[in-house]
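In terms of our numbering, the sequence shown opens at residue 6 and continues consecutively.
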Amino acid sequence: KLEEYIEPLLAPEFDHVRSIRIGTKSVAYWPYRYVSDKDADDLLRLFDRVVGHGKHLAIMGHHSHWVELTTDVARAAIARIRATGAQYRTQSPVVRNVNDDPEVWTKMWQMQVELGCVPYYMFIERNTGAKHYFELPLTRVLEIYRTAIRRVSGLARTARGPSMSALPGKVAVEGLAQVNGEDVFVLKFLQARNPAWIKRPFFARADDEATWLTDLRPAFGEEKFFYEDELEQILAAGGTHGWRVRDLDHDRELKEPAHWLNAMTVDG
6 KLEEYIEPLL APEFDHVRSI RIGTKSVAYW PYRYVSDKDA DDLLRLFDRV VGHGKHLAIM
66 GHHSHWVELT TDVARAAIAR IRATGAQYRT QSPVVRNVND DPEVWTKMWQ MQVELGCVPY
126 YMFIERNTGA KHYFELPLTR VLEIYRTAIR RVSGLARTAR GPSMSALPGK VAVEGLAQVN
186 GEDVFVLKFL QARNPAWIKR PFFARADDEA TWLTDLRPAF GEEKFFYEDE LEQILAAGGT
246 HGWRVRDLDH DRELKEPAHW LNAMTVDG
């Protein structure tokens, strides 16, 4: 039960924990969890208690398409969650054959704002599982994001992205540019193993077939991205800043150096 994990954080010894974030797809596929399930009211009372203890509660709703927001019960679920004082933020990966159309994102973000939600992230599909069916080139994902974001008002432009949750951290694809005659991706860390990397721009050679960070190569003839040497040192020391390294393909913690830079996911 969620209460078993959340309730202890309300004790005085955890007063330093000011924000609690819960990621869920449930409003999209089973909104009754918050409306008519037998323990729906108990769950919402838990949210009430969290907010009543002076903590910020953020429900990170995963919504892949605006259709998921059209039912009365989904809208009621969002309204009931927000009535507890929790903030409802939304995020989703761009998924080929599902939402790889800027119009889908434009309509979804607009609808979310109308429902009192805060668009938060557009993710790039991780290179795990059935990625070959769902993945898209980074150039296409960037085009979808830029087209959709310019069609909405500033209230929906809170959506960051497109972002990759990769081994060194969350990397945003900021755009394409030409520098010294070379076509490049402009990249930036939104979260990083070393906080000093955050917001520091770096550049990769433009590649129309690249779908993930590990497909990219440094621009301007550089052999490595600026963070790679330090990343190896961090991983050799067991990681830092509360991040754990996992190889999702083999469901294991990474320990051997040969596997470090092939891991694709950071859990934080």
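Note that beta-carbon positions come from the ideal geometry of N, C-alpha and C, so glycine has one too.
From a predicted model like this one, the values you see are computed outputs, not experimental measurements.
Use the C-beta contact count for residue i: other C-beta atoms within 10 angstroms, 16 or more gives buried, fewer gives exposed.
i           : result
residue 26  : exposed
residue 79  : buried
residue 83  : buried
residue 73  : buried
residue 170 : buried
residue 252 : Because the pLDDT at residue 252 is just 42, under 50, the model does not fix this residue reliably, and the value given afterwards should be weighed accordingly. Classification of residue 252: buried, given that the 10 Å Cβ count is 16 or more.
residue 168 : buried
residue 66  : buried
residue 203 : exposed
residue 17  : exposed
residue 41  : exposed
residue 166 : buried
residue 97  : buried
residue 132 : buried
residue 43  : exposed
residue 238 : exposed
residue 76  : exposed
residue 198 : buried
residue 178 : buried
residue 176 : buried
residue 173 : buried
Starting from residue i, follow the beta strand (DSSP E) in both directions and report where the run begins and ends.
i           : result
residue 190 : 187-197
residue 69  : Element bounds for residue 69: n/a, residue is neither H nor E.
residue 25  : 24-29
residue 179 : 174-184
residue 239 : Unbroken run through residue 239 is the alpha helix (DSSP H), 233-241; no beta strand (DSSP E).
residue 94  : 92-99
residue 129 : 123-129
Is DSSP giving residue i helix, strand or coil here?
i           : result
residue 246 : Caution applies to residue 246, whose pLDDT of 46 falls short of 50 and renders its modelled position unreliable; the model cannot decide the point.
residue 55  : helix
residue 75  : coil
residue 139 : helix
residue 34  : helix
residue 146 : helix
residue 19  : helix
residue 171 : strand
residue 62  : strand
residue 209 : strand
residue 165 : strand
According to the Cβ coordinates, are residue i and residue j closer than 8 Å?
i           : j           : result
residue 103 : residue 70  : yes
residue 215 : residue 141 : no
residue 129 : residue 118 : no
residue 127 : residue 99  : yes
residue 189 : residue 210 : yes
residue 48  : residue 7   : yes
residue 95  : residue 68  : yes
residue 212 : residue 221 : yes
residue 92  : residue 123 : yes
residue 61  : residue 23  : yes
residue 139 : residue 187 : no
residue 85  : residue 121 : no
residue 39  : residue 33  : no
residue 89  : residue 53  : yes
residue 208 : residue 184 : yes
Does the beta carbon of residue i come closer than 8 Å to any beta carbon on chain D?
i           : result
residue 153 : Judged by its chain identifiers, the structure shown contains no chain D, having just a single protein chain.
If you follow the alpha helix (DSSP H) that residue i is in, where does it begin and where does it stop?
i           : result
residue 107 : 107-119
residue 11  : 7-11
Please determine whether the Cβ atom of residue i lies at a distance below 7 Å from any heavy atom of the ligand FAD.
i          : result
residue 75 : The ligand FAD is absent from the structure shown, which contains no ligands of any kind.
Is there contact here, the stretch 226-235 with the stretch 151-171, by at least three beta-carbon pairs under 8 Å? no
Cβ pair count under 8 Å reaching 3, the stretch 146-157 against the stretch 191-207: no
Is the stretch 100-117 in contact with the stretch 145-153, if contact means three or more CB pairs nearer than 8 Å? yes
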